[in-house]
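Going left to right, the sequence shown walks through residues 2 to 467 as this note's numbering numbers them. Glycine is no exception: its CB is placed at the ideal position from the N, C-alpha and C atoms. Let me begin by presenting the structure, written as structure tokens, before commenting on it.
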Amino acid sequence: MKKVITRFAPSPTGTLHIGGVRTALFNYVYAKKHSGKFLVRIEDTDRERSTKEFEKNILDSLDSIGLSPDEKPINQSERADIYLAAAQKIIDSGQAYYCNCSVERLEKMRSEQQANGQKPQYDGKCRNLNLEKSSDTVLRLKTPIEGEILVKDYVRGNIVFNNSELDDLIILRSDGSPTYHLCNVVDDYEQGITTVIRGEDHISNTPRQINIQNALGYPELEYAHLPLVLGADKKRLSKRHAATSLEEYKHKGYLDSAILNTLARLGWSKGDNEVFYLENLIQDFEITEVQKAGAIFDVSKLDYLNAQHMANLSLEDFKEVLTPFLTNIDIDINTHANSDYLIKSMRSSANTLSEVAINLKCYYQNIESYNQKAIEKFIGNSSKVLSDIHKLIKNLDDWNEESLDNLLLNYRHENELSVPKVNQPIRIALTGSTNSPSLGLTLYLFEKEEVLKRIENLIELVETEN
Numbered sequence: 002m003k004k005v006i007t008r009f010a011p012s013p014t015g016t017l018h019i020g021g022v023r024t025a026l027f028n029y030v031y032a033k034k035h036s037g038k039f040l041v042r043i044e045d046t047d048r049e050r051s052t053k054e055f056e057k058n059i060l061d062s063l064d065s066i067g068l069s070p071d072e073k074p075i076n077q078s079e080r081a082d083i084y085l086a087a088a089q090k091i092i093d094s095g096q097a098y099y100c101n102c103s104v105e106r107l108e109k110m111r112s113e114q115q116a117n118g119q120k121p122q123y124d125g126k127c128r129n130l131n132l133e134k135s136s137d138t139v140l141r142l143k144t145p146i147e148g149e150i151l152v153k154d155y156v157r158g159n160i161v162f163n164n165s166e167l168d169d170l171i172i173l174r175s176d177g178s179p180t181y182h183l184c185n186v187v188d189d190y191e192q193g194i195t196t197v198i199r200g201e202d203h204i205s206n207t208p209r210q211i212n213i214q215n216a217l218g219y220p221e222l223e224y225a226h227l228p229l230v231l232g233a234d235k236k237r238l239s240k241r242h243a244a245t246s247l248e249e250y251k252h253k254g255y256l257d258s259a260i261l262n263t264l265a266r267l268g269w270s271k272g273d274n275e276v277f278y279l280e281n282l283i284q285d286f287e288i289t290e291v292q293k294a295g296a297i298f299d300v301s302k303l304d305y306l307n308a309q310h311m312a313n314l315s316l317e318d319f320k321e322v323l324t325p326f327l328t329n330i331d332i333d334i335n336t337h338a339n340s341d342y343l344i345k346s347m348r349s350s351a352n353t354l355s356e357v358a359i360n361l362k363c364y365y366q367n368i369e370s371y372n373q374k375a376i377e378k379f380i381g382n383s384s385k386v387l388s389d390i391h392k393l394i395k396n397l398d399d400w401n402e403e404s405l406d407n408l409l410l411n412y413r414h415e416n417e418l419s420v421p422k423v424n425q426p427i428r429i430a431l432t433g434s435t436n437s438p439s440l441g442l443t444l445y446l447f448e449k450e451e452v453l454k455r456i457e458n459l460i461e462l463v464e465t466e467n
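As structure tokens, this is what we get:
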């Protein structure tokens, strides 16, 4: 049985798109499922838009998320001789011809076809003129006039295209440079690709590329055209829906494993198991189970899965991935007196590492600002609760979570006050807002003297403003 070889072929005209990561993931997983190879090639023939900076971003991003190719990536910009040799082979076999139709003629032809309700395509004017190559000619493939192309697709089944609907596409431009379709076909052959897994927007390209394969005598390939990644409005994912580059999600504090988990579910699912890892995916993935319908990218689903993946990390691993986000806001994780207990208590306080880091800020640094709406709602112009709790804490000998919970409970009962009336003013004093773990735990996560100082600061603010 032939060894499975897949490829991911991005153009370096931007940073790695989240939809591109999904395509790379399915190619990687399919290859590994069948003990094959996953390759990468950089389609950088668009010299105006392609940059080495974007190429580096794509390759670094793939490596960082665990989708490294099994061989060194190739660049189309370095392979012109190979493409030109393939074009010459097609010319020599009589399956291509030179065309000197002007841009004006082609535009007029297409306009007339559209006006008559016809599909715009080249009319074959130069097909049998036997023109010589010149600076004004392009090289066109002689697409068979009759017959059909059958695309065997793992996702969509058999797709049939009539050759009469496929015009004679250009394979060499007038400057002698090869076009996308020729480069794509030649590279797939040269790299030994067996299976092409890509977005459904390439379906119309496939029969054209098969005709080039046939002209060159190349073997048939397997195909799988994935559903497009869509936003909530069911339109193609773009910046108006959410961040689109992998880099942005990593900077926001999403774990690689959670990103891959989320992307794997875009068009594929297996039973009720929502949380899984790359090794699980390789074991369970079946390309024939990929759905045809568009796959909606939901950030809330990513948030949920990221929280699950963060929870599954050991404390040491969690601290390791969290540390860079704390460093970004000038926090040294080890400067807290009980950092392990603090991190353990706060690790589920948010869905991303960057948000957890922000929630930890008040435990390491002085409060920069208070939530004014929270002060108005829970404190108003009276600092009595703050003053009372301050006195009780000052006289407390046992500084532990249980004694602090009992102190708060007794105070509420004695004064017939609700939990929010007592707890929220203290939370605001300690953290600047009303978001924190249970109040006894929150108090315990600070040193006693720091608690007293923060309550005093808020009392002073309330009394000054009133």
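(request) Using three-state DSSP, classify VAL291 as helix, strand or coil. (result) The count along the sequence shown starts at 1 and reaches residue 291 at position 290. It is coil, neither helix nor strand.
(request) Out of TYR99, LEU306, LYS302 and VAL452, state which residue places its alpha-carbon closest to the alpha-carbon of ASP137. (result) Counting from one through the sequence shown, the residue named residue 137 turns up at place 136. For ASP137, the nearest C-alpha among the options comes from TYR99.
(request) Below 8 Å on the Cβ atoms is my guess for TYR371 versus LEU343; work out the distance and round it to an integer in Å. (result) Mapped onto the sequence shown, residue 371 falls at position 370. Mapped onto the sequence shown, residue 343 falls at position 342. About 21 Å; that fails the 8 Å criterion.
(message) According to DSSP, PRO179 sits in a beta bridge with which residue or residues?
(response) For the purposes of this step, residue 179 is taken as the residue at position 178 of the sequence shown. Paired residues: LEU173.
(message) To the nearest angstrom, how far is the alpha carbon of ASN117 from that of ILE150?
(response) For the purposes of this step, residue 117 is taken as residue 116 along the sequence shown, with counting starting at 1. For the purposes of this step, residue 150 is taken as residue 149 along the sequence shown, with counting starting at 1. If you take the alpha carbons of ASN117 and ILE150, they lie about 26 Å apart.
(request) Can you grab the Cα-Cα spacing for the pair ARG111 / GLU105, in whole Å? (result) Residue numbering aside, residue 111 sits at position 110 when the sequence shown is read from its first letter. Residue numbering aside, residue 105 sits at position 104 when the sequence shown is read from its first letter. Roughly 10 Å between the two C-alpha positions.
(request) Would you kindly report the start and end of the unbroken beta strand (DSSP E) that includes PHE379? (result) On the sequence shown, residue 379 is found 378 positions in, with the first residue counted as 1. First-last for PHE379: 373 to 379, but that is the alpha helix (DSSP H), not the beta strand (DSSP E).
(request) Give me the Cα-Cα distance between THR245 and VAL300, rounded to the nearest whole angstrom. (result) Start at 1 with the first residue of the sequence shown, and residue 245 comes out as number 244. Start at 1 with the first residue of the sequence shown, and residue 300 comes out as number 299. If you take the alpha carbons of THR245 and VAL300, they lie about 11 Å apart.
(message) At 4 residues or longer, what runs of the alpha helix (DSSP H) sit wholly inside the segment 259 to 345?
(response) 279 to 285, 300 to 312 and 316 to 329
(message) For a test of the three-state rule: what should DSSP assign to HIS35, helix, strand or coil?
(response) Taking the first residue of the sequence shown as position 1, residue 35 is located at position 34. The answer is coil: DSSP assigns HIS35 none of H, G, I, E or B.
(request) Hey, could you find the ends of the alpha helix (DSSP H) GLY441 is sitting in? (result) Here residue 441 refers to the residue found at position 440 of the sequence shown. That run of the alpha helix (DSSP H) goes 440 to 445.
(request) Return helix, strand or coil for LEU387, following the three-state DSSP convention. (result) Walking along the sequence shown from the start, residue 387 turns up at place 386. Reduced to three states, the DSSP call for LEU387 is helix.
(request) Assess, as a yes-or-no matter, whether the segment 372 to 381 is touched by the segment 274 to 293 under the definition of 3 or more beta carbon pairs within less than 8 Å. (result) no
(request) Using the DSSP secondary-structure output, state which residues sit across from ASP399 in a beta bridge. (result) Here residue 399 refers to the residue found at position 398 of the sequence shown. For ASP399, which the question treats as bridged, DSSP gives no partner whatsoever.
(request) Using 10 angstroms around the beta-carbon of GLY67, count the other beta-carbons present and answer buried if the total reaches 16, otherwise exposed. (result) Locating residue 67 in the sequence shown gives position 66, counting from the first residue. The residue is exposed, with fewer than 16 neighbouring Cβ atoms inside 10 Å.
(message) Only counting the same chain, and skipping five residues up and downstream in sequence, which positions put a Cβ closer than 6 Å to that of VAL41?
(response) As a working mapping, residue 41 is identified with position 40 in the sequence shown. The answer, listed in chain order, is PHE9, PRO70 and PRO74.
(message) Assess contact between the segment 418 to 438 and the segment 379 to 397, defined as three or more Cβ pairs (one per stretch) separated by less than 8 Å. Is contact present?
(response) yes
(request) With DSSP collapsed to three states, give me the class of GLY158. (result) Looking up residue 158 in the sequence shown gives position 157. In the structure shown, GLY158 sits in a strand (DSSP, three-state: E or B).
(request) Could you spell out the range, first to last residue, of the beta strand (DSSP E) harbouring ALA97? (result) Counting from one through the sequence shown, the residue named residue 97 turns up at place 96. Looking at the DSSP string, the run of the beta strand (DSSP E) that includes ALA97 is 97 to 100.
(message) Just to confirm, is the Cβ distance from VAL161 to ALA225 under 8 Å?
(response) For the purposes of this step, residue 161 is taken as residue 160 along the sequence shown, with counting starting at 1. For the purposes of this step, residue 225 is taken as residue 224 along the sequence shown, with counting starting at 1. No, the pair does not count as a contact, with Cβ atoms beyond the cut-off.
(request) Enumerate in chain order the residues of its own chain whose CB-to-CB distance from SER258 is below 8 Å, with the five nearest sequence positions on each side excluded. (result) To locate residue 258, count along the sequence shown from 1; it is residue 257. These residues qualify, in order along the chain: TYR278, LEU279 and HIS310.
(message) Please classify ASN131 as buried or exposed, where buried requires at least 16 other C-beta atoms within 10 Å of its C-beta.
(response) If you number the sequence shown from 1, residue 131 lands on position 130. Exposed is the call here.
(request) Decide if ILE330 is buried, meaning its Cβ has at least 16 other Cβ atoms within 10 Å, or exposed. (result) As a working mapping, residue 330 is identified with position 329 in the sequence shown. It counts as exposed.
(message) Just to confirm my understanding: we take ALA87, look at its own chain, exclude 5 residues before and 5 after, and list those with CB closer than 7 Å. What are they?
(response) Position 86 of the sequence shown, counted from the first residue, corresponds to residue 87. Answer for ALA87: LEU183, VAL187 and LEU217, listed in chain order.
(message) Going by DSSP in three states, THR7 sits in which element: helix, strand or coil?
(response) Counting from one through the sequence shown, the residue named residue 7 turns up at place 6. Three-state DSSP puts THR7 in a strand.
(request) Look at LEU17 and ILE43 and say whether their C-beta atoms are less than 8 Å apart. (result) Within the sequence shown, residue 17 is the residue found at index 16, counting from 1. Within the sequence shown, residue 43 is the residue found at index 42, counting from 1. The answer is no: Cβ separation not under 8 Å.
(message) Using a Cβ-Cβ cutoff of less than 7 Å, which residues in the same chain neighbour GLU402 once the five nearest sequence positions on both sides are dropped?
(response) Here residue 402 refers to the residue found at position 401 of the sequence shown. GLY441, LEU442 and TYR445, listed in sequence order.
(request) Just mark ASN396 as buried or exposed, buried being the case when its beta carbon has 16 or more other beta carbons within 10 Å. (result) In the sequence shown, the residue the question calls residue 396 occupies position 395. Label assigned to ASN396: exposed.
(request) Flag this pair as yes or no: are the beta carbons of THR475 and SER51 separated by less than 8 Å? (result) Nothing about residue 475 can be reported from this structure: the residues present for the chain run from 2 to 467 only.
(request) Taking all protein chains shown into account, decide if SER62 is buried (16 or more other Cβ within 10 angstroms of its Cβ) or exposed. (result) Position 61 of the sequence shown holds residue 62. Counting Cβ neighbours within 10 Å, SER62 comes out buried, since at least 16 surround it.
(request) Tell me, please, whether the segment 119 to 130 touches the segment 90 to 97 by the rule of three or more beta-carbon pairs shorter than 8 Å. (result) no
(request) Taking only the alpha-carbon atoms, compute the straight-line gap between TYR181 and THR46 and give it to the nearest angstrom. (result) Position 180 of the sequence shown, counted from the first residue, corresponds to residue 181. Position 45 of the sequence shown, counted from the first residue, corresponds to residue 46. Looking at the two C-alpha atoms, the distance is approximately 8 Å.
(request) Excluding the 5 residues preceding and the 5 following PRO421 in the sequence, name in chain order all residues of the same chain whose CB lies nearer than 8 Å to its CB. (result) As a first step, residue 421 is located in the sequence shown; it is residue number 420 there, counting from the start. Once the five neighbours on either side are set aside, the close Cβ partners of PRO421 are PHE379.
(request) With DSSP as the reference, label ALA351 as helix, strand or coil. (result) Along the sequence shown, one-based indexing puts residue 351 at 350. It is coil, neither helix nor strand.
(message) Which of the three DSSP states is assigned to THR207 in this structure?
(response) Residue 207 sits at position 206 when you count from the first residue of the sequence shown. Looking at THR207 - three-state DSSP - the assignment turns out to be helix.
(request) Quick one: measure Cβ to Cβ for LYS253 and SER355, integer angstroms, because I've assumed they're closer than 8 Å. (result) Position 252 of the sequence shown holds residue 253. Position 354 of the sequence shown holds residue 355. Right, their Cβ atoms sit about 5 Å apart.
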